[in-house]
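Residue numbers (the UniProt record's numbering), protein chains in the order written: chain X, 1 to 244; chain B, 1 to 244.
Only one structure is covered here, and it is reproduced in the block below.
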DNA sequence: GCTGTTTATCGTCAGGCAGACGACTAAGAT
DNA sequence: ATCTTAGTCGTCTGCCTGACGATAAACAGC
């Protein structure tokens, strides 16, 4: 390793970008913020910001998450590092390396962005990833910078990770029913699952779900048992994703 | 996002570190280099170096790999991004963010490190991860910086990824036998696998292996068919790792 | 050449799990 | 009272895996 002469290495700016996913109205949605300045002024982007001098990467991600959504990582939401993006041309102004993080959150109230609700929104990931049309004429739907690729990578991580881990519960409130958990899988994977086989699978996997004793009828129909997430982090055998 | 006034963000140094894994003598080994200067002078560390001003992260990793081993990523070896480490105190001199990459390589000739073979070696990962004793008195076996954690993360990534992908073939030469592939799994996982069930599994998974028509007896015993890696990247259903 | 050793390869069998789907339960809506 | 909606329990069949017997084809040593 070369000596640390300041002239011996090029200086970088390091940021964190957040892929914040939730399930709303049976649809997988991501948090997007509108850029208020060039480049990509007016375009949607992922929330994020600079890493400060004294904080770790995960601390920076948690801080940005709290600033953008009011969400605390320990309050049910899950935060993990996703990947790092460092193409020399990914920001036209200067060399920026972005450490993307993935957040899985339960359905939240409307997002806030410094109090300005119009500059942040939940959008279906299919809409954000669709490079084509938009609902507003004269505006491209594509995300700023390389955020489309970052979002795609985050969605793919979430889709594969709920197969073999209990992370799908991070999309649910603290107490939830088997049907609510099933609708999370259906929204994230974009498939329909058999309610009977799903029930057998999740209630038969030790450590996945813990019954709380209560029931709820908030979904309509017969009252359903309420569960909390169990201690198991990994599902073995995994939940099988049906072929498309 | 704040404007890009150079005084508005702290400058970082960005490096790539490499976890280069191979299987030698039935043992999972990693490439380690000896540090020639402080801090951690004389200690073993992962190979790595600064990202240059005009290269992407994966380009920097491929360049460092070629410099340290002479290995070309397209020549059978597999290279992927692992994770990024940015604790403010991970380097005592200044703020360094390291983007670690994982390399899976077939058994190579002795490593070279700028021609000085004594400063680079293949070491069993168990030895490198063992924080305790060492074979040389007065020398701690622990890797420099946070490289022990990085190596542990890389090994864990490799162990889980050969379950559901065909990546184990990256540890093999271009043509290999089923037995050689099985010994890769056994070395990476540290378990014994039933040769008959393993043979049934890998030859029955479409796209995993392609017979070349040749046979070899280099393992001793009855001649074995030679295979190349097939086109399939993902194994479905996965290879099951036995409980420990 | 014969025999033991090593590795490769084919078969068999039982248990477990997933997909398909029938049946019943318990609430609200009309 | 009946319909609708959702939840929960069972059954059956097929596939995959783990355990393990048996055979095949090379080499080493006597």
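We put the CB at the ideal spot given by N, CA and C, even for glycine.
Residue i to residue j span [Cα, whole Å]
{"i": "residue 32 of chain X", "j": "residue 13 of chain X", "result": "22 Å"}
{"i": "residue 117 of chain B", "j": "residue 193 of chain X", "result": "Legend: pLDDT at residue 117 of chain B = 49, less than 50; position of this residue unreliable, no value from coordinates given."}
{"i": "residue 228 of chain B", "j": "residue 174 of chain B", "result": "6 Å"}
{"i": "residue 27 of chain X", "j": "residue 244 of chain B", "result": "39 Å"}
{"i": "residue 51 of chain X", "j": "residue 37 of chain B", "result": "29 Å"}
{"i": "residue 233 of chain B", "j": "residue 217 of chain X", "result": "44 Å"}
{"i": "residue 99 of chain B", "j": "residue 15 of chain B", "result": "6 Å"}
{"i": "residue 58 of chain X", "j": "residue 80 of chain X", "result": "8 Å"}
{"i": "residue 160 of chain X", "j": "residue 238 of chain X", "result": "10 Å"}
{"i": "residue 67 of chain B", "j": "residue 75 of chain B", "result": "15 Å"}
{"i": "residue 231 of chain X", "j": "residue 165 of chain X", "result": "11 Å"}
{"i": "residue 127 of chain B", "j": "residue 78 of chain B", "result": "23 Å"}
{"i": "residue 102 of chain X", "j": "residue 53 of chain X", "result": "22 Å"}
{"i": "residue 121 of chain B", "j": "residue 157 of chain B", "result": "22 Å"}
{"i": "residue 200 of chain X", "j": "residue 19 of chain B", "result": "41 Å"}
{"i": "residue 222 of chain X", "j": "residue 183 of chain X", "result": "17 Å"}
{"i": "residue 17 of chain X", "j": "residue 204 of chain B", "result": "42 Å"}
{"i": "residue 60 of chain B", "j": "residue 125 of chain X", "result": "32 Å"}
{"i": "residue 220 of chain X", "j": "residue 70 of chain X", "result": "31 Å"}
{"i": "residue 195 of chain B", "j": "residue 242 of chain B", "result": "14 Å"}
{"i": "residue 11 of chain X", "j": "residue 191 of chain X", "result": "46 Å"}
{"i": "residue 108 of chain B", "j": "residue 23 of chain X", "result": "48 Å"}
{"i": "residue 96 of chain X", "j": "residue 95 of chain B", "result": "15 Å"}
{"i": "residue 93 of chain X", "j": "residue 9 of chain B", "result": "14 Å"}
{"i": "residue 123 of chain X", "j": "residue 155 of chain X", "result": "13 Å"}
{"i": "residue 104 of chain X", "j": "residue 104 of chain B", "result": "31 Å"}
DSSP three-state assignment for residue i, whether helix, strand or coil
{"i": "residue 32 of chain X", "result": "strand"}
{"i": "residue 39 of chain X", "result": "coil"}
{"i": "residue 128 of chain X", "result": "helix"}
{"i": "residue 117 of chain X", "result": "In this prediction, residue 117 of chain X has a pLDDT of 49, which is less than 50 and means its spatial position is unreliable; what the coordinates show is noted afterwards. Note: residue 117 of chain X maps to helix in three-state DSSP."}
{"i": "residue 179 of chain B", "result": "helix"}
{"i": "residue 16 of chain X", "result": "strand"}
{"i": "residue 23 of chain B", "result": "strand"}
{"i": "residue 228 of chain X", "result": "strand"}
{"i": "residue 158 of chain B", "result": "helix"}
{"i": "residue 143 of chain B", "result": "coil"}
{"i": "residue 234 of chain X", "result": "strand"}
{"i": "residue 166 of chain B", "result": "coil"}
{"i": "residue 3 of chain B", "result": "Any reading at residue 3 of chain B needs caution, since the residue's pLDDT is 44, under 50, leaving its predicted position unreliable; the model's value is listed next. Coil, per DSSP."}
Among the options, nearest to residue i - alpha-carbon criterion
{"i": "residue 202 of chain X", "options": "X/240, X/9, X/72 and X/56", "result": "X/240"}
{"i": "residue 224 of chain B", "options": "B/214, B/145, B/233 and B/231", "result": "B/214"}
{"i": "residue 73 of chain X", "options": "X/231, X/180, X/62 and X/21", "result": "X/62"}
{"i": "residue 180 of chain X", "options": "X/198, X/36 and X/164", "result": "X/198"}
{"i": "residue 119 of chain X", "options": "X/237, X/41, X/242 and X/226", "result": "X/41"}
{"i": "residue 226 of chain B", "options": "B/183, B/177 and B/200", "result": "B/177"}
{"i": "residue 25 of chain X", "options": "X/106, X/93 and X/235", "result": "X/106"}
{"i": "residue 129 of chain B", "options": "B/9, B/236, B/235 and B/29", "result": "B/29"}
{"i": "residue 236 of chain X", "options": "X/162, X/242, X/144 and X/196", "result": "X/162"}
{"i": "residue 39 of chain X", "options": "X/146, X/20, X/104 and X/18", "result": "X/146"}
{"i": "residue 21 of chain B", "options": "B/9, B/65, B/55 and B/56", "result": "B/65"}
{"i": "residue 34 of chain X", "options": "X/11, X/56 and X/143", "result": "X/143"}
{"i": "residue 56 of chain X", "options": "B/90, B/82 and B/55", "result": "B/90"}
Heavy atom of the ligand FMN within 6 Å of residue i beta-carbon
{"i": "residue 197 of chain X", "result": "Among the ligands in the structure shown, none appear at all, so the ligand FMN cannot be discussed."}
_Segments assigned alpha helix (DSSP H), at least 4 residues, entirely inside the stretch 60-108 of chain X_ = Uninterrupted alpha helix (DSSP H) stretches at least 4 residues long and entirely within the stretch 60-108 of chain X do not occur.
_Quick check: the stretch 84-103 of chain X against the stretch 181-190 of chain X, are at least 3 beta-carbon pairs closer than 8 Å?_
no
*asked:* For the pair the stretch 144-158 of chain X and the stretch 41-52 of chain X, tell me if three or more CB-CB distances fall below 8 Å.
replied: yes
*Stretch-stretch touch, CB-based, cutoff 8 Å, three pairs: the stretch 169-184 of chain B with the stretch 204-223 of chain B*: yes
*Quick one: complete alpha helix (DSSP H) runs, 4+ long, within the stretch 169-220 of chain X?*
178-189 and 195-204
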